[in-house]
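In what follows, a structure is listed as structure tokens, so that the remarks can point back to it.
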Amino acid sequence: MTNHPTFQRSFQNQIALVTGAGSGIGRATAIAFARHGANVVVSDVNERGGHETVEMIRRDGGEARFIGCDVSRSDQVKNLIANTVSTYGRLDHAFNNAGIEGTPAPLHESTDENWKRTIAVNLSAVYSCMKEEILVMLRQGSGNIVNCSSIAGIRGFPGMGAYTASKHAVLGLTKSAAIDYASSKIRINAICPGVIHTPMVDRVTHQDPKVEADYAAGAPMNRMGNPEEIADAVLWLCNPGAAFVTGTEIVVDGGWCAK
Ligand code: NAP
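Using this note's numbering, count along the sequence shown one by one with no gaps and you end on 259.
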């Protein structure tokens, strides 16, 4: 993580929540928030991964605590936000990042179960999280939300119907909510990562060097991104330097969508 001079320690005494923070992009973003001074709520359904992230932040001299949550369960999301507010009294930044890739298959061979689970985790959960986060941010009169979409929120990908639909819908939800709360000092944006080297991508490529090279070659930069490059963009969106930015998406993809 680069320590940008523009927002060095600029999240001091602020509270940041990251879902899916036990791995990959969420972990890198939780660490980045902590390095820039935030108290971080590390949330994940994967307790082991979540606790590991908290340990990494504490070893690094930062502040974090783990609160478990399956974001597809609205009752657990309510508890997560209530617990955050009862611990810290506020919520300044939320990165709704948790997501799953689902099981790739052409549409006629895909299962209803895959459709329901992918939509539940990647889309309905973003709705549930935003609902609870916005209630807190309205009370305190400010806040920033970043939702995790994907280049699959902009382009189609073979065999990824449910995933692609969920990520397109996250952009629609982001834009609509951004309009609703623009006058309430709540900024709501999305991030669209390209292919980023995380455990999710390792599951898709099976770490086969030939498949990894094919994925990398999809980007004109001819490489995968790393999770810290997404974290940098999320932090920028939450920074006062982005004060006039709402209802949009930042694409961080090594040029993939420029083709
Ligand atoms: P990752 O390494 O698999 O990390 C995702 C984390 O979310 C894992 O710890 C996972 O736990 C957790 N999670 C899964 N379902 C959850 C649920 N229901 N409630 C709470 N946590 C849950 O994936 P990643 O690559 O960092 O992806 C993070 C986000 O970026 C996702 O929304 C993904 O769609 C998006 N994205 C990734 C890429 C990429 O190339 N990596 C590209 C575009 C967008 P388990 O390990 O137990 O499943």
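Built from N, CA and C at the ideal position, the CB exists for glycine as well.
How would you write the range of the beta strand (DSSP E) that Ser43 sits in, first residue to last? Looking at the DSSP string, the run of the beta strand (DSSP E) that includes Ser43 is Asn39 to Asp44.
Extent of the continuous beta strand (DSSP E) run through Cys192: Looking at the DSSP string, the run of the beta strand (DSSP E) that includes Cys192 is Ile186 to Pro193.
What is the C-beta distance between Pro104 and Gly159, in whole angstroms, given that I count them as a contact (C-beta under 8 Å)? Yes, they are in contact, since the Cβ atoms of Pro104 and Gly159 sit about 4 Å apart, within 8 Å.
Please report the distance separating the alpha-carbon of Tyr215 from that of Ala94. Roughly 29 Å between the two C-alpha positions.
Among Gly49, Val252, Arg139 and Val170, nearest to Asp92 - alpha-carbon criterion: Looking only at Gly49, Val252, Arg139 and Val170, the smallest Cα-Cα distance to Asp92 is reached by Arg139.
Which value, in whole angstroms, describes the spacing of the CA atoms of Ile250 and Val170? Rounded to the nearest angstrom, the two C-alpha atoms are 13 Å apart.
Leu91 - partner residues in DSSP beta bridges: Answer is none; Leu91 lacks a bridge partner.
Using DSSP's beta-bridge definition, name the partner residues of Gly68. Looking at the DSSP assignment, Gly68 forms a beta bridge with Asp44.
Residue environment, Glu47, which counts as buried when at least 16 other CB atoms sit within 10 Å: So Glu47 counts as exposed.
Cβ neighbour criterion (16 or more within 10 Å) applied to Phe11: By the neighbour-count definition (other C-beta atoms within 10 Å, threshold 16), Phe11 is a buried residue.
What ranges does the beta strand (DSSP E) occupy inside the region 110 to 182, keeping only unbroken runs of at least 3 residues that lie completely in it? Whole beta strand (DSSP E) segments, 3+ residues: 143 to 148.
Hey, could you find the ends of the alpha helix (DSSP H) Thr29 is sitting in? That run of the alpha helix (DSSP H) goes Gly24 to Arg35.
Give every residue of the same chain whose Cβ lies closer than 7 Å to the Cβ of Ile134, excluding the five residues on either side of it in the sequence, and list them in chain order. Hits under 7 Å: Tyr181 and Ile186.
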